[in-house]
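Chemist: Here it is, the structure in full.
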Amino acid sequence: MQRRTILKGGAALGFATMMGGKLAMAQVLEKVKAGFIYVGPIGDGGWTFQHHQGALAVQEQFGDKVEIVWQENVPEGADAERALTQMALSGCNIIFTTSFGYMDPTNAVAAKFPDVKFEHATGYKRDSANVSTYNARFYEGRAVQGHIAGKMTKSNKIGYIGSFPIPEVIMGINSYYLHAKKVNPAVELSVVWAFTWFDPAKEADAAKALIDQGVDVIASHTDSTAPLAEAAKTGGKVIGFGQASDMSEYKPSPRVSSIIDNWAPYYIKRVGALLDGTYAQVDVWEGIAGGEVLIGEITDAVPADVKAEAEAMRDAIGAGTYHPFTGPINKQDGSVWLADGAVAPDGDLLGMNFYVEGIVGDIPS
Amino acid sequence: MLRLEKRPSPSRTWAWATPVLAVVLTMIAGGIMFAALGKDPVEAIRTIFWDPLFNPQFASYSRPQLLVKAGPLILIAVGLSLGFRAGIWNIGAEGQYIMGAIFAAGVGLALYPVETRWVFPLMVVAGIFGGWLWAMIPAVLKTRFNTNEILVSLLLVYVAQNILASMSLGLLRNPEGGGFPGSRNLSQIPAMANPELIAGTGMHWGVVAAFVVVIAAYVLLQRHILGYHIKLAGQAPRAARFAGVNPTRLTVLCMGISGALAGMAGMFEVTGPAGQISIDFNTGYGFTAIIVAFLGRLNPIGILLAGLLMALTYIGGELASFMLSLPSAAIQAFQGMLLFFLLAVDLLTNYRIRLKKREIA
Amino acid sequence: MDIGGINPAILIASLMVASVPIMLAAIGELVVEKAGVLNLGVEGMMIIGAICGFVLAVYSGSAVMGFVGGALGGAVLSLVFGLLTQFMLTNQVATGLALTLFGQGLSSMIGQGYNGIKPPATTALPLGPLAEIPVLGTILFRHDWMVYTSILIIAAVWAVLKYTRTGLILRAVGESHDAAHALGYKVVRIRIFAILFGGAMAGLGGAYVSLVRVPQWTDGITAGAGWIALAIVVFASWRPWRVLIGAYLFGGITVLQLNLQAAGAAIPVEYLSMSPYLITILVLVIMSSGRGKAALNAPAALGQNFHASR
Chain A
36 MQRRTILKGG AALGFATMMG GKLAMAQVLE KVKAGFIYVG PIGDGGWTFQ HHQGALAVQE
96 QFGDKVEIVW QENVPEGADA ERALTQMALS GCNIIFTTSF GYMDPTNAVA AKFPDVKFEH
156 ATGYKRDSAN VSTYNARFYE GRAVQGHIAG KMTKSNKIGY IGSFPIPEVI MGINSYYLHA
216 KKVNPAVELS VVWAFTWFDP AKEADAAKAL IDQGVDVIAS HTDSTAPLAE AAKTGGKVIG
276 FGQASDMSEY KPSPRVSSII DNWAPYYIKR VGALLDGTYA QVDVWEGIAG GEVLIGEITD
336 AVPADVKAEA EAMRDAIGAG TYHPFTGPIN KQDGSVWLAD GAVAPDGDLL GMNFYVEGIV
396 GDIPS
Chain B
29 MLRLEKRPSP SRTWAWATPV LAVVLTMIAG GIMFAALGKD PVEAIRTIFW DPLFNPQFAS
89 YSRPQLLVKA GPLILIAVGL SLGFRAGIWN IGAEGQYIMG AIFAAGVGLA LYPVETRWVF
149 PLMVVAGIFG GWLWAMIPAV LKTRFNTNEI LVSLLLVYVA QNILASMSLG LLRNPEGGGF
209 PGSRNLSQIP AMANPELIAG TGMHWGVVAA FVVVIAAYVL LQRHILGYHI KLAGQAPRAA
269 RFAGVNPTRL TVLCMGISGA LAGMAGMFEV TGPAGQISID FNTGYGFTAI IVAFLGRLNP
329 IGILLAGLLM ALTYIGGELA SFMLSLPSAA IQAFQGMLLF FLLAVDLLTN YRIRLKKREI
389 A
Chain C
120 MDIGGINPAI LIASLMVASV PIMLAAIGEL VVEKAGVLNL GVEGMMIIGA ICGFVLAVYS
180 GSAVMGFVGG ALGGAVLSLV FGLLTQFMLT NQVATGLALT LFGQGLSSMI GQGYNGIKPP
240 ATTALPLGPL AEIPVLGTIL FRHDWMVYTS ILIIAAVWAV LKYTRTGLIL RAVGESHDAA
300 HALGYKVVRI RIFAILFGGA MAGLGGAYVS LVRVPQWTDG ITAGAGWIAL AIVVFASWRP
360 WRVLIGAYLF GGITVLQLNL QAAGAAIPVE YLSMSPYLIT ILVLVIMSSG RGKAALNAPA
420 ALGQNFHASR
């Protein structure tokens, strides 16, 4: 019987924890072939697009010493396992799997190819020494957005378009709400679950539903620019934020700022480590500090003082002097989650399945 | 002017020659497309059709994978072909496939962590039942209320997809999965797993079942009275009625068989290659199987070959996609072309093309 | 006058806009099916319409040209289906499914390089004082011209099918191609025209998605709308005005559930989003059982290929 109890979040996750470093120490490689598995098309303008930008940055950085290959639109599950195996067989030294659903396939294939390094985005399983995981602290960016939202809203109603009720998204909602509430106690948050990562028409409808409800600041956790396009139709009354990529085509308004997934530094670091022989297994959860989460330019549609405050918050988070989840914070039911001054442990965040106090509504299950 | 003339009986020669012709035509048209994208057309075509089978670097892995990919397609397509022959149009196999997987996973996970060898057969039964049940809805509505089965079965796909999403977020969610959607990984639970039976062959229980079903369907159509009824009902519905074929019974049977087989395919997939119930569990096998059924000319042996060819274009397409940086969209369009040509050249099997002077009206 | 925190006037106005793409695609498919042809490739034609319309709009700088391009793109793709099914006598179900596969691939190839571009805007039709009427103005008179055009198209299809000789011939071909052929009608030619119309309408619907609903191009932008259009045709039991109702119902439920969520109502999203399909099945059952098959109004020759043996 090989029932594997999964490493639960709290125990194993830390800030760039090094695990089994010695074991995975590799020899210096002359030339690296790096593979990337994408869940969507490169042209999605969001999640996959940003990963591909990271891949191209690797090529740019190392030139002839690196060959990159990629495969788009790989469904999660059996097809992913085959795509991974074929990439490994083709001589890839390192393969980045860029969606949560690739977790089991990545670990299964990694067990068969001990000499190939596997890097899984947003997951938590590292069953063999050649699997590393990486993720980004997007909730840090949500804090900055929440601050802007709280200051900018005139109707005191702000909105959030959620994809699926998973910890990653709930974490973002809580961070967004807490920081809006902090600067504007009257603020109310409406959450709309789209139950899709990508469906531009539905995302636009969701944004419109929020706007019809009087919401004038919209944050979205889905992949397309549709919510911004919808906000643009109001002629400046409603603002929003770029998600995953900068979405600069909607500057200066409705897109007043953005969270940019910037995978390039991590990809360059990992491929570089293979080239100079310093590669080791890691579990990385970087944020603004590591450059994985970038706050896109805050435009002039935001008053200068609000912009300065938002930038100060960004810098404080980056410097490690401020954590977006710092107590006192109560859960929605009023029970204490974080005592005064306490900082949320990463395990709590990675398994987050509750709203904080003040948010109305239930998380669908 | 060109004119078509129906052959008295389908040409045997053309029945074998047309698929080859179609593949050649697709290679030419696809080659032009790949060249237009700035890729070497010969290399692209070779990567798609040759490399998965014979490239020393990949073939030992890719060849068995053909079976893994083709297994569910064949299993579903054979079931559908019986109904299609009888003029019963189940195009909701995707939904039945999903429900089979959900029922099987539900039974398995309800018993978790029981570890007896009876769990797996029980799950097979549950999967078959789930698919059958989902197909019975359009069947019963058709026989009782004369409701169009094409539309009901199609609509039920969306319902099944919603149930799938709800299951992976709720009832079947892995309690140790940190709040992420998706069930436990069934392929890692020994009592529930559908593993590769002989290492390096790609054979799992689903592939075995596919082969058994192909043979069974062949025998049924050639030797059994039900097979005769099915063919008769499709070719001459009125005659069938005089011959004592009960249309209600035939509809229920054909829909039931195709649903059960689709459910079975879902069951073997969720316990094997896919491993878990998740929001994106279904990847279109149910719809692709419809195409496979027609490519195989609704003949079990033909479906076997068509399923393998389809699997080859998937796997070869994946290889071409990352080896040559071809956009996956180009592969999709290429597959579309192949299907167009395969469907189009079938004309030559059933019709003769005659050059004829225009009639004077 | 809010109900449950939702202003019904605004809700109706939004669902009218949200329903345009599926309504257009469905009315096109209705004509195709009336002629006895089942084209399951609506999704493929819509997405080709979406990208062709987008490209043309960007190049010409005119949204109107974009819609023309969308209709043309959809029609050209539907011609592939027409040639295969009408001349090569391929199976319609399989060909339609292959058409969707092909259309999705092709659209994504054409669309490379068009991400992140904004198309020319389609603005609301200036209806002056009409738009200021309370409630009614919000619901009816503040839309862009395509919303009105799509309703006009429904009316036109209804009138043509019901009152004209063309409509009569079309229906005759769909009911019995052999009889129509015996009467001297060009069955294949009529069906090709019906298929082209269906393609153009699907393309127009697709262009509405990429030019108005979500003014942008991204791969897979239609996200399954074509499949819903197919369901609407059945829901409508092949009657044009019921297509309008069906589109509002399907478009409406999505908009309604999102609005209910935004208004803070606790609703089980998954169950609500499957409700339009269940309602359609129910409607189908009621209509097909009530007054026999005639009441269902389904074209008798639907999905059957025609070959003139004489």
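Residue numbers (this note's numbering), protein chains in the order written: chain A, 36 to 400; chain B, 29 to 389; chain C, 120 to 429.
Built from N, CA and C at the ideal position, the CB exists for glycine as well.
1) Residues of chain A with CB under 7 Å from Leu377 (chain C), in chain order?
2) How many Å lie between Leu58 (chain A) and Gly123 (chain B) at the Cα?
3) Per DSSP, which one or two residues make a beta bridge with Tyr379 (chain B)?
4) Between the alpha carbons of Ile4 (chain B) and Leu220 (chain C), how many angstroms are there, rounded?
5) Check for me: the alpha helix (DSSP H) holding Gln360 (chain B) runs from which residue to which?
6) Fully enclosed by the region 286-346 of chain A, which beta strand (DSSP E) runs are 3 residues long or longer?
7) Mapping DSSP to helix, strand and coil, what is His155 (chain A)?
8) Leaving aside the five residues before and after Ala61 (chain A) along the sequence, list all residues of the same chain whose C-beta is less than 7 Å from its C-beta, in chain order.
9) Starting from Ala254 (chain A), follow its DSSP beta bridges and name the residues at the other end.
10) Near Asp368 (chain A), what residues of its chain come up, given a Cβ to Cβ distance below 7 Å and the 5 sequence neighbours on each side ignored?
11) Is there at least one Cβ from chain C nearer than 7 Å to Leu58 (chain A)'s Cβ?
12) Please go through the same chain and pick out, in chain order, the residues whose beta-carbon is closer than 6 Å to the beta-carbon of Gly324 (chain C), but skip the five residues on each side of it.
13) Less than 8 Å between the CB atoms is what I'm expecting for Asn165 (chain A) and Ala145 (chain A), so what's the real figure, rounded?
14) In chain order, which beta strand (DSSP E) runs of at least 3 residues are fully inside the region 140-179 of chain B?
15) Counting pairs of beta carbons, one from the region 148-160 of chain B and one from the region 75-92 of chain B, are three or more of them closer than 8 Å?
16) Could you check what DSSP says for Trp228 (chain A) in three-state terms: helix, strand or coil?
17) Roughly how far, in whole angstroms, is the beta-carbon of Ile258 (chain B) from the beta-carbon of Arg113 (chain B), given that I think they are within contact range, below 8 Å?
18) Got a sec? Which residues, its chain only, sit under 7 Å from Phe135 (chain A) by beta carbon, not counting five neighbours each side?
19) So, is Gly294 (chain B) buried or exposed, given that buried needs 16 or more other C-beta atoms within 10 angstroms?
20) Looking at the secondary structure, which residues open and close the alpha helix (DSSP H) in which Trp346 (chain C) lies?
21) For the region 278-306 of chain A, list every residue whose C-beta sits within 7 Å of some C-beta in chain C, in sequence order.
22) Does any residue of chain A have a CB that is nearer than 7 Å to the CB of Phe208 (chain B)?
23) Using the three-state DSSP reduction, which class does Phe221 (chain C) fall into: helix, strand or coil?
24) If we count the other Cβ atoms within 10 Å of its Cβ and call it buried at 16 or more, is Lys189 (chain A) buried or exposed?
25) For a contact defined as C-beta to C-beta under 8 Å, what are the partners of Gly230 (chain C) on chain A?
26) Return the first residue and the last residue of the beta strand (DSSP E) that Leu373 (chain A) is part of.
27) By the 10 Å Cβ neighbour count, where 16 or more other Cβ atoms means buried, how is Phe82 (chain B) classified, buried or exposed?
28) Let me know the secondary structure DSSP gives Ile340 (chain C) once reduced to three states.
29) Within 10 angstroms of the Cβ of Gln363 (chain B), are there 16 or more other Cβ atoms? Answer buried if so, exposed if not.
30) Gly326 (chain A) and Gly277 (chain A) - do their beta-carbons sit closer together than 7 Å?
31) Among A:Lys268, A:Gly376, A:Asn388 and A:Gln94, which has the Cα closest to the Cα of Arg305 (chain A)?
32) Using DSSP with H/G/I as helix, E/B as strand and the rest coil, what is Leu130 (chain C)?
33) Identify each residue in the region 250-276 of chain C for which the Cβ-Cβ distance to at least one residue of chain A is less than 8 Å, and report them in chain order.
34) The beta strand (DSSP E) that contains Phe322 (chain B), what's its start and end?
35) Look at the Cβ atom of Ser210 (chain A), then the Cβ atom of Val250 (chain A), and state whether they are nearer than 7 Å.
36) Throw me the rounded Cβ distance for the Ile400 (chain C) and Leu183 (chain B) pair, which I believe falls under 8 Å.
Modeler: With the given structure in hand:
1) Val227, Asp240, Ala241 and Ala244
2) Because the pLDDT of Leu58 (chain A) is 43, which lies under 50, any placement of that residue in the model is unreliable, and the question is left without a value.
3) B:Lys34
4) Nothing can be reported for residue 4 (chain B): it is not among the residues displayed for chain B, which extend from 29 to 389.
5) Ser356 to Val373
6) 290-296, 317-321 and 328-331
7) strand
8) Low local confidence applies: a pLDDT of 49 at Ala61 (chain A) is under 50, so the model's placement there is unreliable, with the coordinate-based value given in what follows. Hits under 7 Å: Leu309, Gly312 and Tyr314.
9) A:Tyr195
10) none
11) Low confidence applies to Leu58 (chain A): its pLDDT is 43, below 50, so where it sits in the model is not reliable, and the reading given next is rough at best. Answer no: the Cβ-Cβ gap between Leu58 (chain A) and chain C never drops below 7 Å.
12) Pro140, Leu143, Ala144 and Met165
13) 5 Å
14) none
15) no
16) strand
17) 5 Å
18) Thr157 and Gly158
19) buried
20) Ala344 to Phe354
21) Glu284
22) yes
23) helix
24) exposed
25) Gly78
26) Val371 to Leu373
27) exposed
28) coil
29) buried
30) no
31) A:Gln94
32) helix
33) none
34) No beta strand (DSSP E) contains Phe322 (chain B), which is instead part of the alpha helix (DSSP H) from Tyr313 to Leu323.
35) no
36) 6 Å
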